[in-house]
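Note that the sequence shown ends on residue 367 in the numbering used here; no numbers are left out.
For every residue, glycine included, the Cβ atom is placed at its ideal position computed from N, Cα and C.
Working notes, beginning with the structure itself.
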Amino acid sequence: MTSMTSMTRTTGQPVIEVDALRKSYGGRAVVDGVSFAVEEGEIFGILGPNGAGKTTTVECVEGLRVPDAGRVRVTGLDPVADHERVSRVLGAQLQQSELQPKLTVREALELYASFHPSPADWRPLAERLGLTQKLTTRFARLSGGQKQRLFIALALIGNPRVVVLDELTTGLDPRARRDTWELIEDVRAGGVTVLLVTHFMEEAQRLCDRIAVIDKGRVAALDTPAGLIQRSASATVISFTPSAALDDAELNALPALASVAHKDGRITLSGTDETVNAVITLLARHHITAHQLRVMDATLDDAFLDLTKETAA
Ligand SMILES: Nc1ncnc2c1ncn2[C@@H]1O[C@H](COP(=O)(O)OP(=O)(O)OP(=O)(O)O)[C@@H](O)[C@H]1O
């Protein structure tokens, strides 16, 4: 088995392959032809609205659900047929309810280490995750951030090549969330591939090398965070308060314009760099000054809303 420290970074070799995956509940397809591949050493994000099929997809990767159709492979193994071998290379994050509230941190680490044929030494793992001072604390008495750190430790205890983290930072305060992000980056720096399900755009943008946006059981887009933002119809936003009124018809005729909004005398336009250049030319032509001019890149939030627009409608 490969240890966390001896792994290499991205090799281009898929660690997880999901091909045309389908899963229905009661005749309703909740995963409807999902395909993606996660390369070794990546932090790969799965992002999508509530009920999009994210958890069902990762549960098929973990071998916890049997696909109706399609192919899933983890390091070339079938997570259902080869469940035992897959559980040696894949570390899954536990759900809160799966851990006895009275177990101490140390007991939990020892217990979960005993489930694996060649576990990591839990002491340095606990040290790395800042749990050394909490070894005798019962699970129920840990803070949200400490519980999440313990879940990461338990997911790593079998020396996995890949970890699946589902909504890891939900319910954490901003400080604990940022600490958890650093830990996830550390885990990847140790050579472990990370499959991350998240609701948080900032988290996906900051951590993920690539993101599959899943919407209504399908992959709506798969790209780097920057690539997803670029695809968005409104990659750039410009806002200003004009010194004199501007003609709506002229604004609406701007090239590559995605939207125009007026509020309290302020105009906000979204579009591309071409839109920004054209509006500046327009203002100059009319000798209008743009007060408090701001030009901003769209965020992953904007791209996500664009990509999943139909669902919200
Ligand atoms: N065991 C089940 N039986 C019936 N329906 C289910 C089952 N598990 C999930 N579903 C339904 O399947 C759909 C997809 O659920 P899933 O948990 O995969 O979505 P998700 O994208 O992870 O959502 P969320 O972000 O809300 O956790 C939802 O409508 C959910 O209610």
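Taking a C-beta distance under 8 Å as the contact criterion, ARG160 and THR190 qualify as a contact pair. When secondary structure is reduced to three states using DSSP, LEU118 falls in the coil class, being assigned neither helix nor strand. In this structure, ligand 1 has no non-hydrogen atom nearer than 7 Å to the beta-carbon of HIS316.
For GLN346, the uninterrupted beta strand (DSSP E) run begins and ends at 344-351, by DSSP.
Straight-line spacing of the CA atoms in GLN200 and LEU185 works out to 7 Å. Annotated three-state conformation of ALA315 is strand, per DSSP.
Per the coordinates, the alpha-carbon of ALA106 lies some 24 Å from the alpha-carbon of GLU152.
Within 10 angstroms of the beta-carbon of LYS317 lie fewer than 16 other beta-carbons, which makes it exposed. Here ARG139 has LEU131 as same chain residues with Cβ atoms under 8 Å from its own Cβ, once five neighbours each way along the sequence are excluded. Per DSSP, reduced to three states, the secondary structure at GLU93 is strand.
Within 10 angstroms of the beta-carbon of TYR79 lie fewer than 16 other beta-carbons, which makes it exposed. Cβ contact annotation for VAL218 (same chain, cutoff 7 Å, sequence separation greater than five): VAL112, VAL115, GLU116, LEU144, ALA146, GLN147 and LEU249, in chain order. In terms of CA proximity to LYS156, ARG192 leads the group VAL314, THR247, ARG192 and ALA123. VAL330 carries a helical assignment under DSSP once its states are collapsed to helix, strand and coil. Around the beta carbon of ASP122, a 10 Å sphere encloses fewer than 16 other beta carbons of the protein chains shown; the residue is thus reported as exposed. DSSP, read as helix, strand or coil, puts PHE98 in strand.
Judged by beta-carbon spacing, ILE265 lies beyond the 8 Å limit of SER297, meaning their Cβ atoms are not closer than that value.
In this structure, DSSP gives ASP227 a state outside helix and strand, which the three-state scheme calls coil. Only buried fits VAL72, as 16 or more other CB atoms lie within 10 angstroms of its CB. Around the C-beta of SER172, fewer than 16 other C-beta atoms lie within 10 Å, and the residue is accordingly described as exposed. Between THR353 and ARG320, the beta carbon gap of about 19 Å keeps them out of contact (Cβ cut-off 8 Å). In its chain, beyond the 5 residues on either side, VAL84, VAL85, THR110, CYS114, ARG119, PRO121 and ASP122 have a beta carbon closer than 7 Å to the beta carbon of LYS77.
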